[in-house]
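Under mature numbering (1 follows the signal peptide of the UniProt record, and there is no 0), read the sequence shown as residues -17 to -1, 1 to 310, first letter to last.
We put the beta carbon where it would ideally sit given N, CA and C, even for glycine.
In this text, all values refer to a predicted model and were calculated from it rather than measured experimentally.
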Amino acid sequence: MAIQGLALAAFILAAKATTWVSAASLVTFIFGDSLTDVGNNNYLQYSLARSDYPWYGVDYAGGKATGRFTNGRTIGDIISAKLEIPPPPPYLSLSKNDDALLTGVNYASGGAGILNDTGLYFIQRLSFDDQIDCFKKTKESITTKIGEDAANKLCNEAMFFIGIGRLVFTSKCISDSATSAAPRINHYLLGAGSNDYINNYLQPFLADGQQYTPEEFGELLISTLDKQLTRLYQLGARMVAFHGLGPLGCIPSQRVKSKTRLCLKRVNEWVLEFNSGVKNLIATLNHRFPNAKFTFADTYGDVLDLIENPTAYGKFNHLLINNPTDA
């Protein structure tokens, strides 16, 4: 899809343009939800958010379900392929002594959210806090393997790519350490918030939608995210790329709530307020931690343009993608 190429271009070209970075030195750590889950939920016995059914993975290598919530590759897989590195394995598939911990781990879990109570009806999932706990254990294992100084260096030369968001996402951030001729480049992929709306706030039978106004809920997400990103910093993260939300009011589960089956304007307005809050938070974190680099990847406008002008990006079924917005 053309929009994916646009979103990925900066990340991939920047990485490949850095000629002193070899494929062997690239490390990717991924946090997120179903957009980036590569099988963690397969190891959660009672999780209702699973994708280990035959129709998943039909276009993936081998044609079998792997735990990815897609018929083929995730966005993380695509980035890894473009960078000519293998996609990192799911955290729950590894032991604490596994050497793979040194070359990249995927912590993403379908149904995850910023808030710990998001996705409760999935029974089991790794919330963003849970994923950070898992990373803490990973760092402890890495420290045991290579020592505290080396483990801290590995984390300090890292990019966290946070992907608990919807639709399309990517960003870039590469270490420019001058202390090594070929520094290890670690990518921490992260993005958050969509499940907090879709599988929490917008569900009429859950408490948060009754307890908070849209503004209050957005503030709760931002304040919680502030604590989570600060914790990642304390664990050694210095390169963090956070992906904002796309137009959630245009996804099928929201459009079906409209009498006209069009995008829900109010939901998209909440998303824009959330993205604005995250942008402000990113600026605050960069000021608070001057030795770190937090980056915000905003593809809301690109995705909305894809929805409103689908023919500009190729052939689409006009019954599935339509441009008007419902109030």
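Go ahead and label residue i buried or exposed: buried means 16 or more other beta carbons lie within 10 angstroms of its beta carbon, across all protein chains shown.
{"i": "Val41", "result": "exposed"}
{"i": "Val21", "result": "buried"}
{"i": "Gly297", "result": "exposed"}
{"i": "Asn258", "result": "buried"}
{"i": "Trp253", "result": "buried"}
{"i": "Val88", "result": "buried"}
{"i": "Ile290", "result": "buried"}
{"i": "Gln211", "result": "buried"}
{"i": "Thr196", "result": "exposed"}
{"i": "Tyr216", "result": "buried"}
{"i": "Lys47", "result": "exposed"}
{"i": "Trp115", "result": "It should be pointed out that residue 115 corresponds to Ile in this sequence rather than to Trp. Label assigned to Ile115: buried."}
Given this structure, state the Cα-to-Cα distance separating residue i from residue j, to the nearest angstrom.
{"i": "Asn54", "j": "Pro293", "result": "21 Å"}
{"i": "Gly284", "j": "Ile234", "result": "15 Å"}
{"i": "Thr11", "j": "Lys242", "result": "43 Å"}
{"i": "Asp16", "j": "Tyr43", "result": "19 Å"}
{"i": "Leu218", "j": "Ser124", "result": "13 Å"}
{"i": "Gln193", "j": "Tyr180", "result": "13 Å"}
{"i": "Val223", "j": "Asn178", "result": "21 Å"}
{"i": "Thr207", "j": "Asn80", "result": "32 Å"}
{"i": "Leu247", "j": "Val239", "result": "9 Å"}
{"i": "Ala134", "j": "Ile145", "result": "21 Å"}
{"i": "Asn269", "j": "Phe277", "result": "6 Å"}
Considering only the beta carbon of each residue, do residue i and residue j sit closer than 8 Å?
{"i": "Glu130", "j": "Arg108", "result": "The sequence given here places Gly at residue 130; Glu does not occur at that position. Result no, Cβ atoms of Gly130 and Arg108 do not sit closer than 8 Å."}
{"i": "Ala266", "j": "Phe143", "result": "no"}
{"i": "Ser92", "j": "Asn139", "result": "no"}
{"i": "Leu9", "j": "Ile68", "result": "yes"}
{"i": "Asn263", "j": "Pro230", "result": "no"}
{"i": "Gly50", "j": "Ser30", "result": "no"}
{"i": "Ile97", "j": "Leu18", "result": "no"}
{"i": "Leu66", "j": "Leu77", "result": "no"}
Helix, strand or coil for residue i per DSSP?
{"i": "Lys295", "result": "Here residue 295 turns out to be Ala, not Lys, going by the sequence shown. DSSP places Ala295 in helix when its eight states are reduced to three."}
{"i": "Lys145", "result": "The sequence shown places Ile at residue 145, rather than the Lys named in the question. Three-state DSSP puts Ile145 in a strand."}
{"i": "Phe200", "result": "helix"}
{"i": "Thr127", "result": "helix"}
{"i": "Phe277", "result": "strand"}
{"i": "Thr207", "result": "helix"}
{"i": "Gly284", "result": "helix"}
{"i": "Gly176", "result": "coil"}
{"i": "Leu289", "result": "helix"}
{"i": "Thr121", "result": "helix"}
{"i": "Leu18", "result": "coil"}
Can you find a heavy atom of the ligand GDP that lies under 7 Å from the Cβ of residue i?
{"i": "Glu67", "result": "Annotation note on the ligand GDP: not contained in the displayed structure, which lists no ligands."}
Give, in chain order, every unbroken run of the beta strand (DSSP E) that is at least 3 residues long and sits entirely within the segment 213 to 275. 222 to 226
Mind listing, in chain order, the continuous alpha helix (DSSP H) runs of no fewer than 4 residues lying wholly within the segment 33 to 109? 58 to 65
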